[in-house]
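Take the sequence shown: its position 41, counting from 1, is numbered 41 in UniProt numbering, and each next residue is one higher. Every residue gets a Cβ at the ideal spot worked out from N, C-alpha and C, and that includes glycine. The block underneath contains the structure these notes are about, expressed in structure tokens.
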Amino acid sequence: MFNINSIKFYMILVPIISILLIIINYLITNKSDNNISKTGPYECGFYSFRQSRTTYSIKFILIAILFLPFDLELTSILPYTLTIYNTNIYGLYILLYFLLPLIIGFIIEINNKAIYINKLFIRNNKLNNSFYTINNSSDYARDINTNNIINK
């Protein structure tokens with residue numbers, strides 16, 4: 001399959017290409033990055049340029065977690081779609097046996113409102129981010145004003 005000459009060729013070629021890529025990266029990168037937060041030691045984080053405390057709903061994380069089993073479900077269905085003519089009715093039974101618990105679980109999650117996202121929260125979060133100023137000390141008054149804008 002491989003002869004000695006091709007292995008020697010790759011043993012020489014791979015280090016040469018990697019050194020060339022490192023040199024090209026060194027030549028292209030910006031060398032004048034004198035930001036204190038990037039060059040200083042990391043202890044408790046870095047100084048942020050603006051306030052980073054924004055509200056974030058846990059529902060978005062739940063949807064990301066729920067995406068995983070359904071994505072894996074689609075990749076598990078792919079072999080059935082390729083062999084549908086060979087498996088006949090037995091393959092359909094296996095597919096239904098595989099899909100039924102996932103469909104029932106999804107219906108239960110919808111009925112329990114586990115994946116329900118409040119549209120008012122999304123609009124409120126966008127408005128709070130757009131009206132946010134660092135020097136604003138009256139956060140409560142700002143929140144009341146943005147809620148009045150949303151409710152109108």
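Between the stretch 62-69 and the stretch 82-99, can you find at least three pairs of beta-carbon atoms closer than 8 Å?
No, they do not touch.
In terms of residues, what are the limits of the alpha helix (DSSP H) holding Asn-112?
Where Asn-112 is concerned, there is no enclosing alpha helix (DSSP H), given that its DSSP letter is neither H nor E.
Does the separation of the CB atoms of Glu-73 and Leu-102 fall below 7 Å?
Yes, Cβ-Cβ distance for Glu-73 and Leu-102 is below 7 Å.
Quick check: what's the CA-CA separation for Ile-22 versus Leu-13?
Roughly 14 Å between the two C-alpha positions.
What residue range does the alpha helix (DSSP H) around Lys-59 cover?
Counting along the chain, the alpha helix (DSSP H) containing Lys-59 begins and ends at 58-82.
Alpha carbon to alpha carbon, how far is Ile-16 from Thr-87? Give it in angstroms, no decimals.
Their Cα atoms are separated by approximately 51 Å.
I need the straight-line Cα distance from Ile-105 to Ile-89, nearest angstrom please.
In the sequence under discussion, the amino acid at residue 105 is Gly, which differs from the Ile named in the question. If you take the alpha carbons of Gly-105 and Ile-89, they lie about 25 Å apart.
By the 10 Å Cβ neighbour count, where 16 or more other Cβ atoms means buried, how is Asp-71 classified, buried or exposed?
The residue in question, Asp-71, is exposed, as its Cβ has fewer than 16 Cβ neighbours within 10 Å.
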